[in-house]
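What follows is a single structure, written as structure tokens, with notes after it.
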Ligand code: UDP
């Protein structure tokens with residue numbers, strides 16, 4: 001019932017020219033004593049969302065350095081995913097906790113998966129709250145256990161976290177993006193490891209300016225006029241309305257400016273569509289605002305093209321776990337403006353490698369500053385990219401996990 005996910009091959013050596021040979025050699029040295037280690041990753045889905053994006057790179061790289069890494073998707077039906085979506089929202093602060101029957105559904109599917117999980121695992125690597133009860137239910141099936149939290153747990157719904165805590169706090173090891181996200185009462189050893197992007201994946205590989213412009217032109221962008229961009233799901237916490245408000249202020253100073261809001265939609269997420277329509281109506285038919293989604297054919301390469309072509313990239317979130325879109329934009333050496341929340345300030349220094357803002361007005365003022373001063377824009381973009389090179393590319397992520405695995409193995 002647990003589905004094994006097939007992944008491509010990747011070679012760590014291919015990343016040497018991007019991250020330097022010291023890091024690559026450090027990784028080989030760390031991996032040497034871990035050769036053959038059976039690491040089973042368990043997650044809720046293989047499609048969409050940050051977790052699967054990370055695993056499609058991480059699993060091949062773990063295998064390339066000699067680990068016996070495997071990825072399985074847990075079994076669940078609609079009722080389970082409805083309950084876990086509510087859990088996800090509540091853990092990020094939504095006042096609606098799960099009902100008794102939703103909690104029972106969550107636990108029931110965890111029990112099913114716990115029975116199905118094949119033993120003989122050295123490290124069971126459990127991602128996010130959906131399968132979080134597995135350790136409590138099947139601890140004997142692996143020698144080591146690790147829970148990886150990919151969400152922002154800084155201000156959870158108190159009732160929800162209280163109910164989840166007994167399951168997650170028992171894990172001997174856990175990993176969070178930021179210290180701020182570690183809930184009170186977490187037991188075991190807590191590791192802090194922020195995520196990273198794959199510079200060789202289609203979304204982040206180098207695209208020539210001409211190719212990027214060509215793709216954007218297909219979507220109706222006038223490539224000779226300035227473009228502001230936000231890439232993100234249509235979700236209130238990403239504040240697309242605030243981006244539109246900022247764009248309107250910028251337009252008073254730069255009447256030529258255009259805005260693209262690029263966001264992916266899940267076909268089975270009615271709330272997402274409602275919010276998408278609300279964003280459309282906030283744009284009020286302005287032809288210079290392009291609102292695009294994956295149903296218009298925007299995939300990884302197109303996101304790359306928009307990020308590579310835009311004059312200013314914005315991520316005006318009011319809540320943000322980490323913000324892979326931030327890393328992606330910085331990696332393309334784009335001048336970047338982000339909401340001063342969650343994982344965004346971790347990724348840039350205000351005024352040096354981008355700007356942090358807290359309102360549409362500030363966002364507009366910084367956009368105007370960047371459009372008026374291309375030298376400043378280039379300088380910030382370049383520093384942002386160098387920061388990402390040192391801190392947020394996949395090999396660093398792999399290295400940090402290998403360090404955690406070394407600790408787990410030495411304890412065993
Ligand atoms: N993304 C995409 N197409 C879209 C919108 C988003 O591929 O139309 C990707 C985006 O490039 C990033 C991920 O989805 O890799 C979103 O991750 P992030 O951490 O920014 O936000 P989340 O959606 O997890 O809150």
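In the UniProt record's numbering, the protein residues as written are 1 to 412. Positions of the beta carbon are idealized from the N, C-alpha and C atoms, including for glycine.
Close-in-space but distant-in-sequence residues of the same chain around residue i (CB under 8 angstroms, 5 per side omitted)
i, result
"residue 282", "240, 241, 244"
"residue 402", "27, 30, 31, 34, 65"
"residue 160", "87, 90, 91, 97, 98"
"residue 272", "233, 234, 235, 265, 266"
"residue 3", "46, 72, 73, 75"
"residue 36", "66, 67, 68"
Sequence-distant residues of the same chain with beta carbon closer than 6 angstroms to residue i, five excluded per side
i, result
"residue 108", "none"
"residue 370", "312, 335, 377"
"residue 38", "68, 121, 122"
"residue 117", "138, 141"
"residue 320", "341, 342, 343, 344"
"residue 84", "130"
"residue 368", "250, 253"
"residue 263", "232, 233, 234, 293"
"residue 246", "360, 363, 364"
"residue 257", "226, 250, 251"
"residue 1", "75, 116"
"residue 145", "124, 135, 171, 172"
"residue 143", "122, 412"
Inter-residue CB distance, residue i and residue j (contact presumed, cutoff 8 angstroms)
i, j, result
"residue 123", "residue 344", "Contact doesn't hold; Cβ gap of about 31 angstroms is too wide."
"residue 275", "residue 235", "6 angstroms"
"residue 27", "residue 398", "6 angstroms"
"residue 228", "residue 310", "7 angstroms"
"residue 357", "residue 339", "7 angstroms"
"residue 389", "residue 19", "7 angstroms"
"residue 195", "residue 93", "That belief does not hold up - the Cβ atoms of residue 195 and residue 93 are roughly 20 angstroms apart, past 8 angstroms."
Nearest to residue i (by Cα), restricted to the options the options
i, options, result
"residue 148", "229, 160, 133, 141", "133"
"residue 200", "56, 86, 316", "56"
"residue 393", "33, 310, 328", "328"
"residue 252", "203, 230, 365", "365"
"residue 325", "273, 246, 197, 286", "197"
"residue 348", "387, 248, 52", "387"
"residue 61", "9, 19, 301, 25", "9"
"residue 299", "48, 247, 24", "48"
"residue 136", "389, 111, 158, 53", "111"
"residue 156", "95, 372, 128", "95"
"residue 15", "395, 318, 219", "395"
"residue 373", "226, 390, 278, 412", "226"
"residue 154", "354, 390, 322, 383", "322"
"residue 379", "363, 332, 146", "332"
"residue 289", "337, 259, 391", "259"
"residue 5", "44, 19, 202, 330", "44"
"residue 318", "25, 17, 405, 238", "238"
"residue 52", "145, 180, 127, 404", "127"
"residue 337", "350, 355, 330", "355"
"residue 248", "174, 284, 220", "284"
"residue 297", "17, 218, 21", "218"
"residue 203", "54, 410, 351, 301", "301"
"residue 205", "188, 330, 174", "330"
"residue 391", "375, 106, 346", "346"
Contacting residues, own chain, Cβ-Cβ under 7 angstroms from residue i (five flanking each side not counted)
i, result
"residue 59", "7, 41, 69, 71"
"residue 176", "149, 182, 190, 192"
"residue 207", "304, 305, 308"
"residue 230", "240, 243, 261, 314, 315, 316"
"residue 63", "69"
"residue 270", "none"
"residue 163", "103"
"residue 11", "64"
"residue 291", "261, 279, 280, 283"
"residue 54", "195"
Distance cut-off 7 angstroms: residue i Cβ against heavy atoms of the ligand HEM
i, result
"residue 285", "With respect to the ligand HEM, the structure offers nothing, as its ligand set consists of the ligand UDP."
Touch check for the stretch 158 to 169 and the stretch 61 to 77: three-plus C-beta pairs under 8 angstroms?
No, because fewer than three Cβ pairs between the stretch 158 to 169 and the stretch 61 to 77 fall closer than 8 angstroms, the two stretches do not touch.
Runs of alpha helix (DSSP H) lying entirely within the stretch 282 to 325, each at least 4 residues, in chain order
You should have 300 to 309.
What are the start and end residues of each continuous beta strand (DSSP E) run of 3 or more residues lying completely inside the UniProt domain "Trehalose synthase N-terminal" (41 to 183), in chain order?
Complete beta strand (DSSP E) runs here, min 3: 68 to 73, 121 to 127, 142 to 148, 173 to 176.
Entirely within the stretch 181 to 261 and at least 3 residues each: give me those beta strand (DSSP E) ranges in chain order.
Listed in chain order, they are 189 to 192, 227 to 231.
Does the stretch 214 to 225 come into contact with the stretch 297 to 305, if we say contact requires no fewer than three beta-carbon pairs (one atom in each stretch) closer than 8 angstroms?
With the cut-off at 8 angstroms, the stretch 214 to 225 and the stretch 297 to 305 touch.
Runs of 3 residues minimum, wholly inside the stretch 323 to 394: which ones carry the beta strand (DSSP E) assignment?
Those beta strand (DSSP E) runs which fall completely within the stretch 323 to 394 and span 3+ residues are 336 to 339, 355 to 357.
Which runs of the alpha helix (DSSP H) fall wholly inside the stretch 14 to 42 and span at least 4 residues, in chain order?
Complete alpha helix (DSSP H) runs here, min 4: 16 to 19, 21 to 31.
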